[in-house]
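These notes are about the structure you will find just below.
Number of protein chains: 2
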Amino acid sequence: MANMYTVYGMNASGNCYKVKLALEWLGIAYKWVEIDILNSGTRTPEFLAMNPNGKVPTLALGDGNFLPESNAILHYLAEGTPLMPRNRLGRARALQWMFFEQYSHEPYIAVARFITLFLPPDHARRAELPRLRERGGQALRVMETELTRVPYFAGEDYSIADIALFAYTHCADQTGFDLAPYPKLRAWLARVRAQPGFVPMDA
Amino acid sequence: MANMYTVYGMNASGNCYKVKLALEWLGIAYKWVEIDILNSGTRTPEFLAMNPNGKVPTLALGDGNFLPESNAILHYLAEGTPLMPRNRLGRARALQWMFFEQYSHEPYIAVARFITLFLPPDHARRAELPRLRERGGQALRVMETELTRVPYFAGEDYSIADIALFAYTHCADQTGFDLAPYPKLRAWLARVRAQPGFVPMDA
Numbered sequence: 026m027a028n029m030y031t032v033y034g035m036n037a038s039g040n041c042y043k044v045k046l047a048l049e050w051l052g053i054a055y056k057w058v059e060i061d062i063l064n065s066g067t068r069t070p071e072f073l074a075m076n077p078n079g080k081v082p083t084l085a086l087g088d089g090n091f092l093p094e095s096n097a098i099l100h101y102l103a104e105g106t107p108l109m110p111r112n113r114l115g116r117a118r119a120l121q122w123m124f125f126e127q128y129s130h131e132p133y134i135a136v137a138r139f140i141t142l143f144l145p146p147d148h149a150r151r152a153e154l155p156r157l158r159e160r161g162g163q164a165l166r167v168m169e170t171e172l173t174r175v176p177y178f179a180g181e182d183y184s185i186a187d188i189a190l191f192a193y194t195h196c197a198d199q200t201g202f203d204l205a206p207y208p209k210l211r212a213w214l215a216r217v218r219a220q221p222g223f224v225p226m227d228a
Numbered sequence: 026m027a028n029m030y031t032v033y034g035m036n037a038s039g040n041c042y043k044v045k046l047a048l049e050w051l052g053i054a055y056k057w058v059e060i061d062i063l064n065s066g067t068r069t070p071e072f073l074a075m076n077p078n079g080k081v082p083t084l085a086l087g088d089g090n091f092l093p094e095s096n097a098i099l100h101y102l103a104e105g106t107p108l109m110p111r112n113r114l115g116r117a118r119a120l121q122w123m124f125f126e127q128y129s130h131e132p133y134i135a136v137a138r139f140i141t142l143f144l145p146p147d148h149a150r151r152a153e154l155p156r157l158r159e160r161g162g163q164a165l166r167v168m169e170t171e172l173t174r175v176p177y178f179a180g181e182d183y184s185i186a187d188i189a190l191f192a193y194t195h196c197a198d199q200t201g202f203d204l205a206p207y208p209k210l211r212a213w214l215a216r217v218r219a220q221p222g223f224v225p226m227d228a
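If you read the protein sequences in the order shown, they are chains A and B. 26 is the number of the first residue of the first sequence in my numbering; add one for each residue after it. 26 is the number of the first residue of the second sequence in my numbering; add one for each residue after it.
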């Protein structure tokens, strides 16, 4: 019997939600350990021994190894499953959109969400919101353009790229992003929600 | 005969340098098309047709397909070569460090370099430098910690993770980062420079 995975994560984090969506889709049993990152839960010596970069999610593989970085975890879990595209170009496209997500999407859309939902209304970081919304809007437009060509980000089939991009896109409208101008994107969100094993984010 | 690759890149960009290092190591012939990103070379209709996200590097595969995102390009080129770790955990580690590079390293060390080298000395963005140097220094410390355990970022062997992290680490000392406190990191930089096909960055 394979070792059981343990996810060290925070339910309100989209990056952690990605791991949950993949495990649920794949029907893999796992334990979830909730880490309170707002109260330095990723800064303890125990946590830093698992992940010296001090971030959730971190996946305990059950054999003594720990894997951080949400999109690296998705790729690891997807190897040999239908969540990984079958051809070389499809695999490259999946990673293209996963790196896009971490560089051109998450730093704007997830950070805007963090500032809006988790910081006090008078916090100085609110000044960042106009720039974050402009850059995040740009990411949504790039996604809409791609979805005029293909139903899913790696091509014809649902993959880990869709999971990575769904995590913070599906709730962007709760923190100041208007999804009305993006009909392809809204149709894609609905296709992701219709996937087997889909669970809502527990925020 | 395989189609010839064309790299749309900028010589002074570390993200583009990654692609060059991989192609040279693999001994794959390619064409290089220099794009002047400082003069909106990635904003032309022709460029946006290749990559709607408007960034270099973008790799033309020679069959009509275009692949953006430096680390997705590295992964694509490495499939089936010794630059890709042979076991599942090694492949996950490579991606772990490549996502670390794009999220926790490049936005600080590469951006500090951009502000220092490419913006006028009185530019308002200089105010960002103290924060960028602090966060970039944190990334260097995480790398030093890992290199006390392993010689390369995916484990025992040189891989695309080392190429991804070398791109902006090797020149960090030119833009205000002190590498003296990181002996393991400096020894790793020397091991990368000793790789077959190594070429310096043409900055």
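A virtual CB, placed ideally from N, CA and C, is assigned to each residue, including glycine. As the structure is a computational prediction, the values presented were derived from the model and not from experiment.
Buried versus exposed, by CB contacts within 10 Å (16 or more), residue i
i, result
"residue 56 of chain A", "exposed"
"residue 144 of chain B", "exposed"
"residue 34 of chain B", "buried"
"residue 102 of chain B", "buried"
"residue 223 of chain A", "exposed"
"residue 71 of chain B", "exposed"
"residue 40 of chain B", "buried"
"residue 36 of chain A", "exposed"
"residue 181 of chain B", "exposed"
"residue 137 of chain B", "buried"
"residue 54 of chain A", "exposed"
"residue 69 of chain A", "exposed"
"residue 179 of chain A", "buried"
"residue 112 of chain B", "exposed"
Per-residue DSSP class, three states only, for residue i
i, result
"residue 180 of chain A", "strand"
"residue 126 of chain A", "helix"
"residue 58 of chain B", "strand"
"residue 221 of chain B", "coil"
"residue 141 of chain A", "helix"
"residue 91 of chain B", "strand"
"residue 205 of chain B", "coil"
"residue 175 of chain B", "coil"
"residue 194 of chain B", "helix"
"residue 81 of chain A", "coil"
"residue 105 of chain A", "coil"
"residue 34 of chain A", "strand"
"residue 227 of chain A", "coil"
"residue 134 of chain A", "helix"
"residue 187 of chain B", "helix"
"residue 51 of chain A", "helix"
"residue 100 of chain A", "helix"
"residue 200 of chain B", "helix"
"residue 146 of chain A", "coil"
"residue 86 of chain B", "coil"
Residues that residue i contacts on chain A, provided the C-beta gap is smaller than 7 Å
i, result
"residue 170 of chain B", "77"
"residue 92 of chain B", "117 and 121"
Nearest neighbour of residue i, chosen from the options [CA to CA]
i, options, result
"residue 190 of chain B", "B:174, B:167 and B:203", "B:167"
"residue 195 of chain A", "A:214, A:79 and A:159", "A:214"
"residue 82 of chain B", "B:60, B:111, B:187 and B:174", "B:60"
"residue 29 of chain B", "B:36, B:58, B:115 and B:40", "B:58"
"residue 226 of chain A", "A:63, A:99 and A:193", "A:193"
"residue 206 of chain A", "A:183, A:221 and A:162", "A:162"
"residue 86 of chain A", "A:75, A:43 and A:79", "A:75"
"residue 98 of chain B", "A:116, A:106, A:108 and A:111", "A:116"
"residue 64 of chain B", "B:79, B:124, B:152 and B:185", "B:79"
"residue 125 of chain B", "B:52, B:187, B:41 and B:211", "B:187"
"residue 134 of chain A", "A:153, A:146, A:108 and A:216", "A:153"
"residue 62 of chain B", "B:150, B:73 and B:219", "B:73"
"residue 107 of chain B", "B:156, B:183 and B:43", "B:183"
"residue 114 of chain B", "A:112, A:88 and A:178", "A:88"
"residue 110 of chain B", "B:66, B:177, B:219 and B:204", "B:177"
"residue 159 of chain B", "B:146, B:129 and B:69", "B:129"
"residue 131 of chain B", "B:148, B:165 and B:66", "B:165"
"residue 212 of chain A", "A:172, A:185 and A:221", "A:172"
"residue 209 of chain B", "B:96, B:169, B:84 and B:146", "B:169"
"residue 77 of chain A", "B:218, B:174 and B:220", "B:174"
"residue 42 of chain A", "A:84, A:157 and A:156", "A:84"
Cross-chain neighbours of residue i in chain A, by beta carbon under 8 Å
i, result
"residue 96 of chain B", "120 and 124"
Beta-carbon neighbours of residue i, restricted to chain A and to distances below 9 Å
i, result
"residue 153 of chain B", "The contacting residues do not exist; residue 153 of chain B stays about 12 Å from chain A at best."
Chain B contact residues for residue i, given Cβ-Cβ distances below 8 Å
i, result
"residue 113 of chain A", "101 and 104"
Chain-ordered neighbours of residue i on chain B, where CB pairs are closer than 7 Å
i, result
"residue 129 of chain A", "78"
Neighbouring residues, chain B, relative to residue i (Cβ below 9 Å)
i, result
"residue 13 of chain A", "Limits of chain A in this structure are 26 at one end and 228 at the other, which puts residue 13 of chain A out of reach."
Does the stretch 111-130 of chain A come close enough to the stretch 75-92 of chain A that 3 or more CB-CB pairs lie under 8 Å?
no
For the pair the stretch 124-141 of chain B and the stretch 199-216 of chain B, tell me if three or more CB-CB distances fall below 8 Å.
yes
Count the CB pairs spanning the stretch 100-114 of chain A and the stretch 45-52 of chain A that are closer than 8 Å, and state whether there are at least three.
yes
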